[in-house]
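Peer 1: Supplied in structure tokens, the structure appears directly below.
Protein chains: 2
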Amino acid sequence: MLSQKAKYALKALLYLAEQEENHISRTIEIAEGAHIPKKFLEQILLDLKRARFVSSKQGKMGGYYLIKSKHDITLAEIHRLFDGAIALLPCASLNFYEPCSDCKTENECNLRHGLMMIRDETLKAMQNITIASLVDK
Amino acid sequence: MLSQKAKYALKALLYLAEQEENHISRTIEIAEGAHIPKKFLEQILLDLKRARFVSSKQGKMGGYYLIKSKHDITLAEIHRLFDGAIALLPCASLNFYEPCSDCKTENECNLRHGLMMIRDETLKAMQNITIASLVDK
DNA sequence: ATAAATTCTATAATATTAGTAGGGTATTGA
DNA sequence: TCAATACCCTACTAATATTATAGAATTTAT
Chain A
3 MLSQKAKYAL
13 KALLYLAEQE
23 ENHISRTIEI
33 AEGAHIPKKF
43 LEQILLDLKR
53 ARFVSSKQGK
63 MGGYYLIKSK
73 HDITLAEIHR
83 LFDGAIALLP
93 CASLNFYEPC
103 SDCKTENECN
113 LRHGLMMIRD
123 ETLKAMQNIT
133 IASLVDK
Chain B
3 MLSQKAKYAL
13 KALLYLAEQE
23 ENHISRTIEI
33 AEGAHIPKKF
43 LEQILLDLKR
53 ARFVSSKQGK
63 MGGYYLIKSK
73 HDITLAEIHR
83 LFDGAIALLP
93 CASLNFYEPC
103 SDCKTENECN
113 LRHGLMMIRD
123 ETLKAMQNIT
133 IASLVDK
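Read top to bottom, the protein sequences are chains A and B.
End of the first sequence = 139 in my numbering, gap-free, step of one.
End of the second sequence = 139 in my numbering, gap-free, step of one.
Here it is in structure tokens:
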């Protein structure tokens with residue numbers, strides 16, 4: 003399941019994607035428009051900024067805006083940024099790989115292969131869903 | 003990601019599936035064979051019993067054994083039993099559906115459709131992985 | 001200068017997870 | 001019958017993660 007953070011991040015990105023080109027959105031606008039607690043959203047937007055999905059302008063008249071095309075932001079990326087691995091165990095993960103305790107002794111746990119198949123299918127599906135595809139429902 | 007409980011449940015089921023027909027396994031055997039804390043495993047086996055994957059015999063010479071074919075126990079079922087919904091949000095779930103707070107006001111949140119597509123693909127993949135398929139790696 | 005906005009760090013409240021403890025109940029076999 | 005063995009059940013605890021909130025520092029437009 004998605005964390006609140008990941009869900010809020012998606013809602014915030016959807017909000018930004020729906021604005022006119024070159025429009026800058028203040029945090030408070032996004033918070034009210036997408037029903038997100040403002041102070042919590044601040045942290046989320048900073049995370050999105052550090053990961054280069056959005057950029058910001060400080061000070062009066064400042065705010066946030068997309069710097070990555072809404073067609074190129076996938077659900078897989080947002081999931082990984084806020085919730086980590088897509089695979090069901092670390093030993094089956096591409097981006098967050100680590101051997102599980104049992105893998106060490108048995109070299110490979112029995113679960114790994116099956117979980118990698120599931121990861122591949124889930125990842126493919128998640129890469130197919132973009133902010134743009136969500137905006138036009 | 004899978005909880006420890008779900009992972010241990012899978013390991014325990016794998017252990018049982020590897021035993022000879024009609025063999026009864028004591029909790030302590032499974033715990034040592036699959037590297038699972040014994041008292042924690044007790045709870046997990048009881049959950050598996052209540053969900054009719056295994057049955058048990060009490061008293062001396064007692065233990066646990068599979069009552070569902072290893073070909074018919076899927077990863078999807080174990081995930082749902084221990085970790086709940088497969089979908090990324092409750093509003094996109096088949097077995098654990100509930101409207102999210104935003105769905106109420108907007109009737110449907112923008113995320114729902116995309117998340118249902120992901121759920122469908124993940125579910126298909128998870129139903130394809132059985133205890134039997136994991137035993138023969 | 002002042003107001004408005006982002007940025008940053010710390011902290012609090014809550015929920016979940018992972019595991020432990022300890023006794024109760026059923027069955028076997030001497 | 002009685003003791004040993006093994007499942008059954010509930011409660012509790014410790015650690016961790018999640019979901020925020022608070023408050024001050026910094027930047028920018030006017």
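Ideal placement from N, C-alpha and C gives every residue a C-beta, glycine not left out.
Since the structure is predicted, the reported quantities are computational estimates derived from the model, not experimental observations.
Tell me the rounded alpha-carbon separation between B:Ser5 and B:Asp85.
Peer 2: On the second sequence, position 3 is the one that residue 5 of chain B refers to. On the second sequence, position 83 is the one that residue 85 of chain B refers to. When rounded, the distance between both Cα atoms is 7 Å.
Peer 1: Taking 8 Å as the limit between beta carbons, can you name the residues of its chain near A:Leu16, skipping five residues before and five after?
Peer 2: Stepping through the first sequence from its first residue, residue 16 of chain A is reached at position 14. Closer than 8 Å at the Cβ level, and outside the excluded window around A:Leu16, lie Ala36, Ile133, Leu136 and Val137.
Peer 1: Restricting to runs no shorter than 3 residues, where is the beta strand (DSSP E) found entirely within the segment 46–79 of chain A?
Peer 2: Listed in chain order, the complete beta strand (DSSP E) runs (minimum 3 residues) inside the segment 46–79 of chain A are 56–59 and 65–68.
Peer 1: In terms of residues, what are the limits of the alpha helix (DSSP H) holding A:Lys13?
Peer 2: For this step, residue 13 of chain A is matched to residue 11 along the first sequence. Its alpha helix (DSSP H) spans residues Gln6 to Glu20.
Peer 1: For the pair the segment 72–82 of chain A and the segment 117–133 of chain A, tell me if three or more CB-CB distances fall below 8 Å.
Peer 2: Yes: the two stretches touch, three or more of their Cβ pairs being nearer than 8 Å.
Peer 1: Closer than 7 Å by beta-carbon distance: list the chain B residues that pair up with A:Gly116, in chain order.
Peer 2: Locating residue 116 of chain A in the first sequence gives position 114, counting from the first residue. By Cβ distance, chain B contributes Leu77, Ile131, Ser135 and Leu136.
Peer 1: Who does B:Ser27 pair with in a DSSP beta bridge?
Peer 2: The residue you call residue 27 of chain B lines up with position 25 of the second sequence. Beta-bridge pairing links B:Ser27 to B:Tyr66.
Peer 1: When the distance is taken between beta carbons, is B:Arg82 closer than 9 Å to B:Asn97?
Peer 2: Here residue 97 of chain B refers to the residue found at position 95 when the second sequence is read from its first residue. Here residue 82 of chain B refers to the residue found at position 80 when the second sequence is read from its first residue. Taking 9 Å as the Cβ cut-off, B:Asn97 and B:Arg82 qualify as a contacting pair.
Peer 1: Could you give the residue range of the alpha helix (DSSP H) that holds A:Ala134?
Peer 2: As a first step, residue 134 of chain A is located in the first sequence; it is residue number 132 there, counting from the start. Start and end: Ile133 to Val137.
Peer 1: Closer than 9 Å, CB to CB, is A:Gly86 near chain B or not?
Peer 2: On the first sequence, position 84 is the one that residue 86 of chain A refers to. It does; some Cβ of chain B falls within 9 Å.
Peer 1: Assess, as a yes-or-no matter, whether the segment 47–56 of chain A is touched by the segment 54–67 of chain B under the definition of 3 or more beta carbon pairs within less than 8 Å.
Peer 2: They do not touch, by the three-pair rule.
Peer 1: Can you find a CB in chain B that lies within less than 9 Å of the CB of A:Lys9?
Peer 2: Here residue 9 of chain A corresponds to residue number 7 of the first sequence, with the count starting at 1. A:Lys9 counts as touching chain B.
Peer 1: Look up B:Gly86 in the DSSP assignment and say whether it is helix, strand or coil.
Peer 2: Translated into positions along the second sequence, residue 86 of chain B becomes position 84. In this structure, B:Gly86 counts as coil in the three-state DSSP scheme.
Peer 1: Flag this pair as yes or no: are the beta carbons of A:Lys38 and A:Lys13 separated by less than 9 Å?
Peer 2: Within the first sequence, the letter at position 36 stands for residue 38 of chain A. Within the first sequence, the letter at position 11 stands for residue 13 of chain A. Correcting the residue type first, residue 38 of chain A is Ile in the shown sequence and not Lys. In this structure, A:Lys13 lies closer than 9 Å to A:Ile38 by Cβ.
Peer 1: Starting from B:Ile120, trace the alpha helix (DSSP H) in both directions and tell me its first and last residue.
Peer 2: Taking the first residue of the second sequence as position 1, residue 120 of chain B is located at position 118. Looking at the DSSP string, the run of the alpha helix (DSSP H) that includes B:Ile120 is Leu113 to Asn130.
Peer 1: Considering only residues of the same chain and omitting the five flanking positions on each side of B:Cys111, which have a CB-CB separation below 7 Å?
Peer 2: For the purposes of this step, residue 111 of chain B is taken as residue 109 along the second sequence, with counting starting at 1. Result list for B:Cys111: Cys93, Cys102, Asp104 and Cys105, in chain order.
Peer 1: Could you tell me whether any Cβ in chain A is nearer than 9 Å to the Cβ of B:Leu50?
Peer 2: In the second sequence, counting from the first residue as 1, residue 50 of chain B sits at position 48. Chain A, which has no Cβ nearer than 9 Å to the Cβ of B:Leu50, makes this no.
Peer 1: Please list, in chain order, all residues of the same chain as A:Lys1 whose beta carbon is under 7 Å from its beta carbon, the five residues on each side excluded.
Peer 2: Past the boundaries of the shown model lies residue 1 of chain A; chain A is included only from 3 to 139, so the question cannot be answered.
Peer 1: Which one of B:Met119, B:Ile69 and B:Asn130 has the shortest CA to CA distance from A:Gln129?
Peer 2: Taking the first residue of the first sequence as 1, we reach residue 129 of chain A at position 127. That would be B:Met119, whose Cα lies nearest to the Cα of A:Gln129.
Peer 1: Taking B:Ile88 and B:Arg121 to be in contact with their CB atoms under 8 Å, please state how far apart those CB atoms are, rounded to whole angstroms.
Peer 2: Taking the first residue of the second sequence as position 1, residue 88 of chain B is located at position 86. Taking the first residue of the second sequence as position 1, residue 121 of chain B is located at position 119. At roughly 6 Å, the Cβ-Cβ gap stays under 8 Å, so B:Ile88 and B:Arg121 are in contact.
Peer 1: Can you give me, in chain order, the residues of the segment 17–34 of chain B that have a beta carbon less than 8 Å from any beta carbon in chain A?
Peer 2: Within the segment 17–34 of chain B, no residue qualifies.
Peer 1: Are the C-beta atoms of B:Asn112 and some chain A residue less than 9 Å apart?
Peer 2: Numbered from 1 along the second sequence, position 110 holds the residue referred to as residue 112 of chain B. Yes, because at least one Cβ of chain A sits closer than 9 Å to the Cβ of B:Asn112.
Peer 1: Counting C-beta neighbours from all protein chains within 10 Å, is the total for B:Gly64 16 or more, i.e. buried, or is it exposed?
Peer 2: Residue mapping note: residue 64 of chain B aligns to position 62 of the second sequence, counting from 1. Result: exposed.
Peer 1: Helix or strand or just coil, what does DSSP make of B:Ile32?
Peer 2: Counting from one through the second sequence, the residue named residue 32 of chain B turns up at place 30. Correct three-state label for B:Ile32: helix.
Peer 1: Determine, for A:His73, whether the minimum Cβ-Cβ distance to residues of chain B falls below 9 Å.
Peer 2: As a working mapping, residue 73 of chain A is identified with position 71 in the first sequence. Chain B, which has no Cβ nearer than 9 Å to the Cβ of A:His73, makes this no.
Peer 1: Any Cβ of chain B within less than 9 Å of the Cβ of A:Leu96?
Peer 2: What you label residue 96 of chain A is simply residue 94 of the first sequence in a count that begins at 1. No, A:Leu96 does not count as interfacial toward chain B.
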